[in-house]
RNA sequence: GGAGAGGUGGCCGAGUGGUCGAAGGCGCAGCACUGGAAAUGCUGUAUAGGGGCAACUCUAUCGAGGGUUCGAAUCCCUCCCUCUCCGCCA
């Protein structure tokens, strides 16, 4: 979420930055509304201060009345009703005993009436304020993050900028695609998975299932050895968590929702990891906090009909190992480079060629202010394909989720960063295509062999029984 | 799922209608004492928003949301969560 104060104080900057993203937003209306909300809040607070004084005066009068009545002896019984049923502690029988008593009584009644007036005025203002405040908040929740100054300008993904390459991309010798290899090697079941669930779901079998598990464990071990704390988060998350990381309210149609509960299938571990520290105030000495989480991810992939229908590239459910940083605002730029390097380390260890592409303003995700995509070389398809997206979100998610750090006496929103390290299914696809051999088998890169328990995957027919 | 108990500041824990944002303790920070430390004493120690150069000040917040009242941590309603017992279950 953008800072309401920024919108109040520098609407031109906000408008300019949103324009870089290719968005036409009526920032002026937002600006007006934000100022109006503030004005209402100020007026209301002043009125409340007055009302509070009156209430205290009522209390004071009642206390005096009680003291006065306690002093007086009861001279006669008078069963007339007290002015309000709030006064039972006052001995009404004594009220005719003194002029001060009568005077105090009058004052108390008058003050009560005055307080009632304040209350009505405050209530009226509060209603207006709340309505406007809610409206403003909803509008802000729909606005994406502002791009970083370093983020290259662009009008479409064609304007993304390649930053560097690693390895030597070359077509595979037999240039089968991973889904063909998967079929001949018996690694997964596409057609039968439709029976089980739907299209875009996959069932891994035998060596395929083993390879997926090996990759997950390999990635986790690698990142833990580089200083990350391993997390296994819930796969279901609530609405507040999805709102906190930016998936809601705008992208509801992208997630699977549970009908009977306030729960959704998490589209990425970024969601539960952000939510892990929602409303927390972390000690500066604890930063950066770096987490690595394996989680299954669920996405509806709405609007992608017909694209990537075969194999492991685009599924409703896939596995991902996610990297996540909570860090000091001044350190987030360096953190972004480090996080990206950590994701790259997986591809380097597996010796898979890739390139790093920086997304332009038009292609930036909702919560991000700057993003590097890692694109792995798919040797069978002969193309680079996104396998990781490493983003810095500035304080955007921290503000939505209220995650702060202590800086001296003050609290300050911290910065969050996330990146895949890596998408496991796509890693398997790249690996199968890159390491396929003329005899139909697939070699296992050295780093993975201890996890896989073998050096090569062979077709079932030629495998020893 | 059924029955009961309970949610107060970093933690423990008082507080059942009137200067209560909240006693006391612990913890933490600063100062004093000390050769240094322990112990001790003093002072300070929530969050958000607004105003002020600042000292400071105003408003809101005692699980959340409503209600009663001039005034609610305290009374009423709804919801959420935690704990104990029973049932079920991996």
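Residue numbers (our numbering): 1 to 465. Think of the CB as a built atom: it goes at the ideal place given N, C-alpha and C, for glycine as much as any other residue.
| Query | Result |
| --- | --- |
| Inter-stretch contact (C-beta, 8 angstroms, three-pair minimum) for the stretch 135-153 and the stretch 349-357 | no |
| Pairwise C-alpha distance: residue 454 and residue 253 | 42 angstroms |
| Secondary structure of residue 223, DSSP reduced to three states | helix |
| Residue 296 in three-state terms, based on DSSP | strand |
| Cα-Cα separation, residue 465 to residue 324 | Because residue 465 sits at a pLDDT of 43, beneath the cut-off of 50, its placement in the model cannot be relied upon, and the following sentence gives the value as read from the coordinates. One C-alpha to the other measures close to 44 angstroms. |
| Other residues of its chain near residue 95: CB distance less than 7 angstroms, five sequence neighbours each side excluded | Note that residue 95 has pLDDT 44, beneath the 50 cutoff, so the model's placement of it is unreliable and no number is given. |
| Cβ contact (3+ pairs, closer than 8 angstroms) linking the stretch 202-219 and the stretch 410-419 | no |
| Alpha helix (DSSP H) runs contained entirely in the stretch 236-294, provided each spans 4 or more residues | 239-245 and 270-276 |
| Contact under 7 angstroms by Cβ, residue 443 with residue 456 | yes |
| Beta-bridge pairing of residue 391 - partner residues as DSSP gives them | 371 and 418 |
| Residue closest to residue 99, alpha-carbon to alpha-carbon, out of 115, 110, 69 and 111 | 69 |
| Validate contact between the stretch 369-387 and the stretch 171-188 using beta carbons, cut 8 angstroms, 3 pairs | yes |
| Three-state secondary structure (DSSP) of residue 101 | helix |
| For residue 451, three-class secondary structure by DSSP | helix |
| C-beta contact flag for residue 391 and residue 368 at 7 angstroms | yes |
| Beta-bridge partners of residue 217, as assigned by DSSP | BP columns for residue 217 are empty, so no partner. |
| Contact belief for residue 469 with residue 407 at Cβ below 8 angstroms, rounded distance in angstroms | Nothing in the structure corresponds to residue 469, since the chain is present only between 1 and 465. |
| Chain-order list of residues whose beta-carbon lies under 8 angstroms from that of residue 9 (same chain, five-residue window excluded) | none |
| Within 7 angstroms, strictly: CB atoms of residue 265 and residue 251 | no |
| In chain order, each alpha helix (DSSP H) run of at least 4 residues that lies wholly inside the stretch 140-213 | 178-185 and 191-196 |
| Distance between beta carbons of residue 244 and residue 401, contact taken as under 8 angstroms | 4 angstroms |
| Own chain partners of residue 280 with C-beta closer than 7 angstroms, once the 5 adjacent residues on each side are dropped | 403 |
| Cβ distance (whole Å) where residue 122 is taken to contact residue 48 below 8 angstroms | 6 angstroms |
| Range covered by the alpha helix (DSSP H) that runs through residue 333 | 332-349 |
| Residues that residue 406 bridges to, as DSSP identifies them | 411 |
| Under 7 angstroms between C-beta atoms of residue 179 and residue 35 | no |
| Run of the alpha helix (DSSP H) containing residue 424, from where it starts to where it stops | 424-434 |
| Per DSSP, the bridge partner or partners of residue 327 | 415 |
| As assigned by DSSP and simplified to three states, the class of residue 458 | coil |
| Euclidean distance between Cα positions of residue 67 and residue 61 | 10 angstroms |
| Of the residues 177, 226 and 345, the one placed nearest residue 290, counting alpha carbons only | 226 |
| Straight-line gap, residue 241 to residue 275 (C-alpha atoms, nearest Å) | 5 angstroms |
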